[in-house]
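First residue of the sequence shown: 44, per my numbering; consecutive thereafter. Notes to accompany the following structure.
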Amino acid sequence: MLPEEQDIAEVDLAISNGLQTNHRVLDLGCGPGLHCLDLTRRGFQNVVGMDISPPDLTMARDISFVRGSWFKLPFGQSFDFVLLLHSMFDSSMDPPSIDRLLSEIKRVLKPGGKLLFDVTDGDKLIQSHSHNGKLQDRVAEYQNPTKNGGVLIYRSRTWLKLPENLRYLHEQQWLKDGELIYENHHQPLKFYTGVQLKDMLDKAGFQFRQLPPPIDDDSIIGDDYSVFILACKTSS
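Shown next, in the form of structure tokens:
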């Protein structure tokens, strides 16, 4: 599935959970603005995209684009719905930073306003890397013959670091006829358990519930460990 199709499915999810065309919408970490563009195609006329760098495309006239810090949003209490998608929530921020971000999002949401975000399911991640109560690395290796009679080998390893800083690490290697031709060490991905998420959202003044994926196919939307959360502002 193309990235644009993924974003369309995520907008569908937001609409099915209360997003309306008369709402003012803030897309945090909007990147190229695909969520924003899809919203305007559906009749939304008050859409704001915000990121730290300019978008990769020219925004439609019904979209306002703002550059700035997520931790000091240049808005008052004026939004009905906030989108924070593509794992922005857990990609690089530590818990104090997430507390600050949630506080800012709550501040700019109207009473009863909603936040939709995706996050790595820490409970599922820990379970998938556990055997007999102990954490284990997950390794995989695949071999394919090449046209010249050689062998192309793909190896991957994922592992977790617990308990102080919950991190998910992933490395990949490609070997051709025994020679390393490509290696990639992914940056550690922070993740949070359900209890931790509840504590952070309760502290920030949100009620929340987990949503089913917009498309029931892990290979299309996110991965095996992504979940979508709808959080509702509980007070002014």
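Ideal Cβ positions, reconstructed from N, Cα and C, are used throughout, including at glycine.
{"Item": "For residue 149, three-class secondary structure by DSSP", "Value": "helix"}
{"Item": "Where residue 169 falls: helix, strand or coil (DSSP)", "Value": "helix"}
{"Item": "Same chain, Cβ closer than 7 Å to residue 61, neighbours up to 5 away in sequence not counted", "Value": "157"}
{"Item": "The stretch 113 to 122 / the stretch 142 to 149 touching (three or more Cβ pairs under 8 Å)", "Value": "yes"}
{"Item": "Segments of 4+ residues assigned as alpha helix (DSSP H) that fall wholly inside the stretch 69 to 96", "Value": "77 to 84"}
{"Item": "Residue 253, enclosing beta strand (DSSP E) - first and last residue", "Value": "249 to 254"}
{"Item": "C-alpha gap between residue 52 and residue 192, whole angstroms", "Value": "43 Å"}
{"Item": "Range of the contiguous beta strand (DSSP E) that encloses residue 273", "Value": "269 to 276"}
{"Item": "The stretch 135 to 144 contacting the stretch 233 to 253, beta-carbon criterion three pairs below 8 Å", "Value": "yes"}
{"Item": "When 91, 56, 49, 48 are compared against residue 66, the one with the closest alpha-carbon", "Value": "91"}
{"Item": "Simplified DSSP assignment, three categories, for residue 100", "Value": "Per-residue confidence for residue 100 stands at a pLDDT of 48, beneath the threshold of 50, marking its modelled position as unreliable; the derived number appears in the next sentence. Correct three-state label for residue 100: coil."}
{"Item": "Alpha-carbon to alpha-carbon, residue 108 and residue 117", "Value": "12 Å"}
{"Item": "Inter-residue CB distance, residue 77 and residue 50 (contact presumed, cutoff 8 Å)", "Value": "4 Å"}
{"Item": "Proximal residues to residue 254 (C-beta, below 6 Å), its chain only, five neighbours per side dropped", "Value": "271, 273"}
{"Item": "Presumed contact (8 Å Cβ cut-off) between residue 159 and residue 195, rounded CB distance", "Value": "Residue 159 to residue 195, Cβ: 40 Å. No contact."}
{"Item": "Residue 64 classed as buried or exposed, judged by whether at least 16 other C-beta atoms fall within 10 angstroms", "Value": "exposed"}
{"Item": "Separation of residue 124 from residue 278, as counted between CA atoms", "Value": "15 Å"}
{"Item": "Straight-line Cα distance separating residue 75 from residue 94", "Value": "9 Å"}
{"Item": "Three-state class that DSSP yields for residue 116 in the structure shown", "Value": "coil"}
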